[in-house]
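Read through the structure below, which is laid out as structure tokens, and then see the notes.
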Amino acid sequence: MCLMRTLIQECVAGIPPLVEAAARQEGQNPRDFARAVARGHVVIPANPMRPHRISAIGNGCRVKVNVNVGTSGERCDPALEKEKAQAAITNGTDTLMDLSTGGDLEIVRKIVLSFDIPVGTVPVYEAVRRAGNAIDLSADLLFTVIREHCRQGVDFLTLHCGVNREALASLKSDPRILPVVSRGGAFHVAWMEHSGEENPLFSEFDYLLEILAEHEVVASLGDGMRPGCLQDADRHAKTVEYLNLGRLSNRALEEGVQRMVEGPGHIPFDQIGYNVRMIKELTNDAPLYLLGPLVTDIAPGYDHLVAAIGGVEACRHGADFLCMVSPSEHLALPLVGDIIEGTRAAKISAHIGDLIRGMDGFKMPRERQMADARRRLDWKEQFALSLFPDAARSIHARDGELDTCSMCGDLCAVKMMQEIFRTKK
Ligand code: SF4
Numbered sequence: 034m035c036l037m038r039t040l041i042q043e044c045v046a047g048i049p050p051l052v053e054a055a056a057r058q059e060g061q062n063p064r065d066f067a068r069a070v071a072r073g074h075v076v077i078p079a080n081p082m083r084p085h086r087i088s089a090i091g092n093g094c095r096v097k098v099n100v101n102v103g104t105s106g107e108r109c110d111p112a113l114e115k116e117k118a119q120a121a122i123t124n125g126t127d128t129l130m131d132l133s134t135g136g137d138l139e140i141v142r143k144i145v146l147s148f149d150i151p152v153g154t155v156p157v158y159e160a161v162r163r164a165g166n167a168i169d170l171s172a173d174l175l176f177t178v179i180r181e182h183c184r185q186g187v188d189f190l191t192l193h194c195g196v197n198r199e200a201l202a203s204l205k206s207d208p209r210i211l212p213v214v215s216r217g218g219a220f221h222v223a224w225m226e227h228s229g230e231e232n233p234l235f236s237e238f239d240y241l242l243e244i245l246a247e248h249e250v251v252a253s254l255g256d257g258m259r260p261g262c263l264q265d266a267d268r269h270a271k272t273v274e275y276l277n278l279g280r281l282s283n284r285a286l287e288e289g290v291q292r293m294v295e296g297p298g299h300i301p302f303d304q305i306g307y308n309v310r311m312i313k314e315l316t317n318d319a320p321l322y323l324l325g326p327l328v329t330d331i332a333p334g335y336d337h338l339v340a341a342i343g344g345v346e347a348c349r350h351g352a353d354f355l356c357m358v359s360p361s362e363h364l365a366l367p368l369v370g371d372i373i374e375g376t377r378a379a380k381i382s383a384h385i386g387d388l389i390r391g392m393d394g395f396k397m398p399r400e401r402q403m404a405d406a407r408r409r410l411d412w413k414e415q416f417a418l419s420l421f422p423d424a425a426r427s428i429h430a431r432d433g434e435l436d437t438c439s440m441c442g443d444l445c446a447v448k449m450m451q452e453i454f455r456t457k458k
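In this text, residue positions in the sequence shown follow the working numbering: the first is 34, and each later residue adds one.
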């Protein structure tokens with residue numbers, strides 16, 4: 034058992050420097066912020082093995098964005114993954130996850146860990162790779178890989194602890210069109226079905242917590258039973274997993290281990306609110322990390338927009354952390370262009386989330402400044418205030434340098450109003 038105090042335990046006693054810095058970054062009172070960390074309402078993924086920029090996630094923080102990179106068996110190019118990670122950072126991601134499953138996993142992980150932001154992984158991917166397949170996985174191997182990732186400086190780990198035998202039974206008693214679409218969830222289901230045993234991440238959860246506490250790594254309690262299509266959203270397996278995650282989340286907090294919760298996949302728009310509120314309630318307001326939610330299944334090629342729409346609604350009800358969905362979701366491994374588009378869509382969603390939770394200053398100063406710049410037809414200022422100035426600048430420039438834009442040209446309503454009100458004055 035580790036004798037060092039965890040960040041949560043330090044926050045019970047005072048205000049650790051890391052928490053003070055994170056509070057200042059989020060514009061919060063450090064004392065209140067330390068209390069929020071101690072209560073598990075905020076997490077700060079910051080493995081002491083690898084100092085990097087801080088990104089606090091949860092109540093009172095700006096909505097954060099994660100971007101997934103990583104190889105597959107079909108496309109394995111570490112240089113491409115490095116370029117994708119850089120593109121994600123340039124476009125404003127707060128964290129990266131390395132989801133590699135192809136080639137030399139350690140090389141790609143080292144590349145991703147070389148960037149100056151928090152990094153997450155899904156250890157079961159590597160454990161299955163080493164075992165050869167999911168059914169030959171052993172608990173020892175899985176825990177060994179988890180330890181290795183912690184020692185290498187990974188800041189948060191997706192761990193599908195809620196995919197237990199009870200969740201598996203509910204999958205059988207209340208079948209879904211797409212039984213499991215989470216890769217990690219599928220590995221655990223395959224292993225449980227074959228071995229007849231319980232998921233070790235569930236049955237040996239306290240041992241898992243010891244490892245995480247020792248390395249100050251955040252548990253991201255994975256949504257292995259997330260629905261894979263709208264029709265599956267109200268089937269039982271997802272809710273059984275939520276209940277499991279609620280119990281495990283509280284147990285982690287008792288042991289002083291930082292944790293957040295993942296959810297909820299493909300969900301009809303009108304069901305997002307109660308799903309988000311249910312997870313928050315069951316997990317005692319743990320920070321919520323979402324992929325999507327995807328609110329339609331028939332827009333492949335544009336799933337970044339589908340997720341952005343779902344993400345805004347989720348933020349309205351309390352989501353804290355959005356995972357980028359790229360245009361190639363459900364179709365192929367993303368390339369650099371997909372990462373740029375996906376990251377930008379997620380950033381827009383997160384920004385709207387910040388406006389909803391009043392994190393842009395209650396009077397929305399940047400939005401107000403943009404309105405003024407538009408009234409003055411001040412293009413330079415408009416570009417400077419844009420979330421993505423390069424896109425705004427290049428679209429405006431494509432019909433030449435005009436004082437209006439080429440949409441209405443001489444018939445520009447803004448210009449007309451400028452002249453009318455100037456004349457009246
Ligand atoms: S030209 Fe039309 S679209 Fe462009 S700024 Fe003026 S009113 Fe707006």
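Glycine residues also receive a C-beta, built at the ideal position from the N, C-alpha and C atoms.
Would you kindly check if the distance between the Cβ of residue j and the Cβ of residue i is under 7 Å?
{"i": "Leu138", "j": "Glu159", "result": "yes"}
{"i": "Ile305", "j": "His227", "result": "no"}
{"i": "Asn92", "j": "Asn197", "result": "no"}
{"i": "Ala112", "j": "Leu129", "result": "no"}
{"i": "Asn80", "j": "Asp188", "result": "yes"}
{"i": "Ser282", "j": "Ala246", "result": "no"}
{"i": "Pro151", "j": "Pro208", "result": "no"}
{"i": "Met293", "j": "Val76", "result": "yes"}
{"i": "Ile428", "j": "Ala120", "result": "no"}
{"i": "Ile41", "j": "Gly279", "result": "no"}
{"i": "Ala54", "j": "Ile90", "result": "no"}
{"i": "Arg377", "j": "Asn124", "result": "yes"}
{"i": "Ala270", "j": "Ala164", "result": "no"}
{"i": "Pro301", "j": "Leu355", "result": "no"}
{"i": "Gly186", "j": "Met82", "result": "yes"}
{"i": "Ser203", "j": "Val273", "result": "yes"}
{"i": "Phe508", "j": "Val161", "result": "Past the edges of the chain, shown from 34 to 458, lies residue 508, and the structure says nothing about it."}
{"i": "Ile312", "j": "Gly296", "result": "yes"}
{"i": "Leu315", "j": "Tyr275", "result": "yes"}
Ends of the alpha helix (DSSP H) at residue i?
{"i": "Asp239", "result": "Phe238 to His248"}
{"i": "Ser361", "result": "No alpha helix (DSSP H) contains Ser361, which DSSP labels as neither H nor E."}
{"i": "Asp131", "result": "Not the alpha helix (DSSP H): Asp131 falls in the beta strand (DSSP E), residues Thr128 to Asp131."}
{"i": "Val196", "result": "Taken as a continuous stretch (DSSP letters only), Val196 belongs to no alpha helix (DSSP H), as it is neither H nor E."}
{"i": "Leu276", "result": "His269 to Glu287"}
{"i": "Asn308", "result": "Ile305 to Leu315"}
Looking only at its own chain, which residues have a Cβ that is under 7 Å from the Cβ of residue i, when we skip the five neighbours before and after it?
{"i": "Val309", "result": "Leu321, Ala347, His350, Gly351 and Ala352"}
{"i": "Met34", "result": "In this predicted model, Met34 has a pLDDT of only 49, less than 50, meaning its place in the structure is not dependable; the value taken from the coordinates is given anyway. Here the set comprises Glu243."}
{"i": "Ala406", "result": "Glu414, Gln415 and Leu418"}
{"i": "Val345", "result": "Ser382, Ile385 and Gly386"}
{"i": "Pro205", "result": "Here the sequence assigns Lys to residue 205, which means Pro is not the residue at that position. Nothing listed; no residue qualifies."}
{"i": "Met397", "result": "Leu388"}
For residue i, which residues in the same chain have their Cβ closer than 8 Å to its Cβ, ignoring the five residues on either side in sequence?
{"i": "Lys448", "result": "Leu410, Asp436 and Thr437"}
{"i": "Cys44", "result": "Val52, Ala67, Arg68, Val70 and Ala71"}
{"i": "Val339", "result": "Gly325, Leu327, Val328, Thr329, Ala332 and Val358"}
{"i": "Phe176", "result": "Pro233, Glu237, Tyr240, Leu241 and Ile244"}
If you drop the 5 nearest sequence neighbours on each side, which residues of the same chain put their C-beta closer than 6 Å to that of residue i?
{"i": "Asp371", "result": "Ser359, Pro360 and Ser361"}
{"i": "Gly136", "result": "Thr104 and Cys109"}
{"i": "Val251", "result": "Val76, Pro78, Phe189 and Gln291"}
{"i": "Ala46", "result": "none"}
{"i": "Asp432", "result": "Ser439"}
{"i": "His74", "result": "Gly91, Asn92 and Asp318"}
{"i": "Val214", "result": "Gly261"}
{"i": "Lys97", "result": "Ser88, Ile90, Asp127 and Phe354"}
For the putative contact between residue i and residue j, defined by C-beta atoms under 8 Å, what is the C-beta separation to the nearest angstrom?
{"i": "Gly255", "j": "Leu192", "result": "6 Å"}
{"i": "Pro233", "j": "Leu190", "result": "Pro233 to Leu190, Cβ: 14 Å. No contact."}
{"i": "Ile144", "j": "Glu107", "result": "Going by Cβ atoms, the distance from Ile144 to Glu107 rounds to 19 Å, so no, they are not a contact pair."}
{"i": "His85", "j": "Cys183", "result": "Going by Cβ atoms, the distance from His85 to Cys183 rounds to 15 Å, so no, they are not a contact pair."}
In terms of residue numbering, what span does the beta strand (DSSP E) encompassing residue i cover?
{"i": "Tyr322", "result": "Leu321 to Leu327"}
{"i": "Leu190", "result": "Phe189 to Leu192"}
{"i": "Gly153", "result": "Val152 to Thr154"}
Please decide whether residue i counts as near chain D, where near means a Cβ-Cβ distance under 7 Å.
{"i": "Gly433", "result": "Going by chain labels, chain D is absent from the structure shown, which holds only one protein chain."}
field: Neighbourhood of the ligand SF4 [Cβ distance below 5 Å to any heavy atom], ordered by chain position
entry: Thr437, Cys438, Met440, Cys441, Cys445, Ala446 and Val447
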